[in-house]
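Plus 8 on top of the position in the sequence shown (first one is 1) and you've got my numbering. Comments concern the structure below.
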Amino acid sequence: AISTRKYTEELIKQQEEEIAEQKQAIEANRQELAANKQELAANKQELEAVKAQADKNAKERDAYAEILRQHGLL
């Protein structure tokens, strides 16, 4: 009976250690997810800025093209 009890206690101890390791892994994954979300938000902001600059460049190009057309240069 003693050996069975010791075996059971050891098994419980191992399972508790595995659970603790899994909890740590889950927390690490949560932190990584949070970091990825922040990076995604930053990338979206950067993309919006690039799109805005591209729109501005296109408008300027169109304005210059219109000036050139008005002067018969295009």
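We put the CB at the ideal spot given by N, CA and C, even for glycine.
Legend entry - Helix, strand or coil at leucine 55 according to DSSP, with G and I counted as helix: Here residue 55 corresponds to residue number 47 of the sequence shown, with the count starting at 1. Leucine 55 falls in the helix class under three-state DSSP.
Legend entry - Beta-carbon contacts of alanine 33 that lie in its chain and below 6 Å, excluding the five residues immediately before and after: Position 25 of the sequence shown holds residue 33. Around alanine 33: no qualifying Cβ.
Legend entry - Distance between glutamate 40 and alanine 60 (C-alpha atoms, nearest Å): In the sequence shown, counting from the first residue as 1, residue 60 sits at position 52. In the sequence shown, counting from the first residue as 1, residue 40 sits at position 32. Alanine 60 and glutamate 40: Cα-Cα distance of roughly 30 Å.
Legend entry - Cα-Cα separation, alanine 28 to lysine 52: Along the sequence shown, one-based indexing puts residue 28 at 20. Along the sequence shown, one-based indexing puts residue 52 at 44. Using only the alpha carbons, I get a separation of about 36 Å.
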